[in-house]
Amino acid sequence: MTATRRRLLMAAVTTPFLVGAVRAQQAAFSVETLTFESRGKPIRAALYTPAQPNGAAVVFLHGSGGIGPAYLTLAEQFAVEGFKVLVPAYYDAAADDGVRPEPVMDAWRAVGSDAVDWMIESGIDRRRIGIMGYSLGSYVAVDGALGNSRAAAAIGVAGGWDVYVPRPPRRRIPVLILQSENDTHVSPESTRRWVEFLRQADVPVRLQVLRGAGHLYTPAQWQEVHRMASDFFKRTLL
């Protein structure tokens, strides 16, 4: 996808006054914007449809800055591999006031669960749908997946106890936590505490460390995130 096309897609997903389809034909995938409903509210999203699907799907939840180019690039990489990818703007469900009371967090988690349901309704087997998030989105994705979601696997990137206190899991699905070695925003200790909490609750969780990474990733580090996430989803979903 060209830089110009990516900017147009970001605008379509993040600008309140622009809702509708923007389609870009690619050799490996197509991309469009759409809306789906979560608790009665329209949620805008970018959808990546692979030309040669592998039968699995990924829902990706953005960090506190909203949808950015790194996330769309990550979605493209998954689509090239055959994954159908949905990137919802979960702030459409509730604005981020920085305090993030439980009703707000619950509304965001519901977006993740409803995005998984949207994938199921589009024809994807629920056993082949994973959910993934970065920073704030890591908590929304993993905590939601271990709650009422129908996701089959979950990944949290650069998240931890510092983001929000996790709830006791209701489900036990495979989870991968990617920890940034030099993160000063979400401390490595916070990430390890989250992992230990999940292990004590009998969640099959794996921890991997992004060596040298801080909280904000370079393009090369995002490539490493994709490699680790792709390996995990291929093992758990395919």
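Numbered by mature numbering (1 follows the signal peptide of the UniProt record, and there is no 0), the letters in the sequence shown go through residues -24 to -1, 1 to 214 in order.
Backbone N, C-alpha and C define an ideal beta-carbon position, used for all residues, glycine too.
What you are looking at is a predicted structure, and each value in this text was computed from that prediction instead of being measured.
Three-state secondary structure (DSSP) of residue i
i                : result
threonine 194    : coil
threonine 49     : helix
alanine 70       : coil
phenylalanine 59 : coil
valine 75        : coil
leucine 214      : coil
alanine 134      : coil
alanine 128      : coil
alanine 205      : helix
Own chain, CB closer than 6 Å to residue i, minus 5 neighbours either side, in chain order
i                 : result
threonine 167     : Gly136, Gln155
arginine 15       : Ala86
phenylalanine 208 : Leu152
Residues of its chain near residue i, where Cβ-Cβ distance is below 7 Å and the 5 sequence neighbours each way are ignored
i             : result
glutamate 200 : Leu186
serine 40     : Asp72, Ser111, Leu112
tryptophan 84 : Tyr66, Ala69, Ala70, Val116
Alpha helix (DSSP H) segment containing residue i, residue limits
i             : result
tyrosine 24   : Segment 17 to 26 is the beta strand (DSSP E) holding tyrosine 24; no alpha helix (DSSP H) there.
glycine 113   : 112 to 121
isoleucine 96 : 78 to 97
leucine 154   : Counting along the chain, leucine 154 falls outside any alpha helix (DSSP H), though it belongs to the beta strand (DSSP E) covering 151 to 156.
threonine 167 : 164 to 176
Delimiting residues of the beta strand (DSSP E) encompassing residue i
i                : result
leucine 183      : 181 to 186
phenylalanine 36 : 33 to 37
isoleucine 43    : Premise fails: isoleucine 43 is in no beta strand (DSSP E) and is neither H nor E.
serine 6         : 5 to 14
C-beta atoms of residue i and residue j nearer than 9 Å
i             : j               : result
alanine 55    : phenylalanine 5 : yes
proline 150   : arginine 182    : yes
isoleucine 19 : tyrosine 66     : yes
alanine 129   : leucine 152     : yes
valine 35     : alanine 127     : yes
valine 80     : alanine 70      : yes
glutamine 10  : alanine 27      : For the sequence presented, residue 10 should be read as leucine rather than glutamine. Cβ atoms of leucine 10 and alanine 27: not closer than 9 Å.
valine 139    : valine 171      : no
Pick from the options that is closest to residue i, judged by C-alpha positions
i             : options                        : result
glutamate 52  : Ala129, Leu122, Tyr24          : Tyr24
glutamate 157 : Pro150, Asp178, Leu192, Tyr140 : Leu192
alanine 33    : Phe59, Pro45, Ala22            : Phe59
histidine 38  : Lys17, Asn30, Val63            : Val63
Contact test: residue i Cβ vs the ligand FMN heavy atom, cutoff 8 Å
i             : result
methionine 81 : Ligands are entirely absent from the displayed structure, and the ligand FMN is therefore not among its contents.
Beta-carbon contacts of residue i that lie in its chain and below 8 Å, excluding the five residues immediately before and after
i           : result
residue 218 : Residue 218 falls outside the range modelled here, since the chain spans only -24 to 214, and no answer is possible.
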